[in-house]
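Notes for the one structure printed next.
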Amino acid sequence: MAQSDPRLNKEYSAMTLRTAIIGYGKMGRIRHNAMERHGGFDVVVACDTAVDPNARVPMVTDPMAVYDYDPDVIVCSVPNMMIPDVVCTALARGKHVFSEKPPGRNSQDVRRMMKAEAAAPNLVLKFGFNHRVHDAIEEAHKLIQAGTMGDLYFMRGVYGKAGGPNYAQNWRNDPEQSGGGILIDQGIHMLDLFQMFAGRFNKVQSFVQRNFWTDVPVEDNAFALMKNEDGIVASVHSSATQWQHTFRLELYMRNGFISVDGILSASGSYGTEVLTVALNRLDPTGNPIPNPESQEIRFTEDHSWDKEIAEFHAAVAEGQPLKCGTSQQALDVMELVEAIYAADEDWSAALRKDTLKVIG
Ligand SMILES: NC(=O)c1ccc[n+]([C@@H]2O[C@H](COP(=O)([O-])OP(=O)(O)OC[C@H]3O[C@@H](n4cnc5c(N)ncnc54)[C@H](O)[C@@H]3O)[C@@H](O)[C@H]2O)c1
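Numbering follows UniProt numbering, in which position 258 of the sequence shown is assigned residue number 258; successive positions increment by one, without gaps.
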């Protein structure tokens, strides 16, 4: 790590990571702000094809030009299609990498990045699955791990939004660039949470549909039902026609339930995070009394970006092992996304027909 930067005439502590951000759109800027709040990063350059004359750091348009600034770390926040190239190049050049989700467009992309990671064992590669570290989710996880709520039976997840402006033109809805629609873009967070709570799922059924944007070659709704080897069942509905923005995760255990309603986001449109916890009481015959009393905790500040950046810094600067956003977790969730696409025979037949472009 650079101890001083003669170009900027700044003194660096041993823990200051010179950082280049590739992809300086919405997420690149969110990450920049989080790194500034952390204090252990010095963002020395940002790269984007669209140059912002008011950017607070030097900007370049060619991703390879960031290496002239001698970064320790590359933050990758480009559209999904570019992620594997950016990540593999950075690792091959000896840089630690923090990359946005999804980890590319498919599991093949993840495997390619894992190969580059294996060839650079002293470098850190972390993917930004920030939902794992939302306060309400972390509390739910702790409660379940404590064991008092008993075995997990099933999970239900709804995550949806109203498509968004320029839906048809947005890179997110171009399968060449994104790898899929709402499921790989947003639903992937819910699937990642399912796997955090229950491990890998090995049986999957699904319906994948286009309801509103019938001319756009990616799904705007995906419904899936999955089961793991312990018999834990999860269902997800990932939707771009959820006109009322919604995040809801329910976990039902032997002794009660936990739900998380709302998720704090940059737009604020999914509401605050409300964690509800209910413990069953039993009637004299030993059966649970319906509608148990519950307690609510409301979280109002999104600390997820800060926690992710702090974990990444600790991994790079102190060698701490990563808990969230490992490449294995990335592979597991991408395989689940693929399994959901494949399990709907009509959808996968349409995909085979012509990478979805000519679905009639
Ligand atoms: N963790 C989360 O909750 C979360 C939320 C939103 C987006 N994301 C992910 O972050 C990534 C970026 O999404 P976003 O919302 O910031 O999108 P965005 O469109 O706002 O930003 C992407 C940026 O990449 C730039 N870009 C495109 N091609 C480039 C190239 N060849 N060289 C340099 N820059 C290039 C674009 O000009 C744009 O500014 C995506 O992978 C997305 O899935 C994660």
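Think of the CB as a built atom: it goes at the ideal place given N, C-alpha and C, for glycine as much as any other residue. Note that the coordinates shown come from a computational prediction; the quantities given were computed from them, not determined experimentally.
A residue is called buried when at least 16 other Cβ atoms come within 10 angstroms of its Cβ; Arg-31 meets this threshold and is buried. By the neighbour-count criterion, in which a residue is buried when 16 or more other Cβ atoms sit within 10 angstroms of its Cβ, Gly-325 is buried.
The beta-bridge partner set that DSSP reports for Lys-26 is empty. One thing to note: Thr-272 has its Cβ no nearer than 7 Å to the Cβ of Arg-248. With a 10 Å radius around the Cβ and a threshold of 16 neighbouring Cβ atoms, Thr-19 comes out buried.
The C-alpha of Ile-289 lies about 21 Å from the C-alpha of Gly-147. The beta carbon of Gln-177 sits closer than 6 Å to those of Pro-79, Met-81 and Trp-171, all from its chain and outside the five residues before and after it, given in chain order. In this structure, DSSP gives Ala-222 an extended state, which the three-state scheme calls strand. Under DSSP, the beta-bridge partners assigned to Thr-241 are Ala-162. A heavy atom of ligand 1 is found nearer than 6 Å to the CB of Val-78.
In the structure shown, Glu-293 adopts coil according to DSSP, grouped into three states. The residues Gly-256, Phe-257, Pro-292 and Ser-294, in chain order, have a CB closer than 6 Å to that of Ala-278 in the same chain once the five nearest residues on each side in sequence are set aside.
The Cβ atoms of Ala-34 and Ile-263 do not sit closer than 7 Å to each other. Under the three-state reduction of DSSP output, Cys-324 falls in the coil class, being neither helix nor strand.
Contact check for Phe-201 and Ala-234: beta-carbon distance about 7 Å, within the 8 Å limit, so the pair qualifies.
Rounded to whole angstroms, Gly-286 and Gln-186 show a C-alpha spacing of 41 Å. Cβ atoms of Ile-182 and Pro-102 stay farther apart than 8 Å, at about 12 Å. Listed in chain order, the beta strand (DSSP E) runs fully inside the stretch 79-121 are 96-100, counting runs of at least 3 residues. Fewer than three pairs of CB atoms, one per stretch, sit closer than 8 Å, so the stretch 40-60 makes no contact with the stretch 105-115. For Ala-162, the CB contacts under 6 Å within the same chain, skipping 5 residues up- and downstream, are Trp-243 in chain order. For Leu-125, the enclosing beta strand (DSSP E) has its first and last residue at 125-128.
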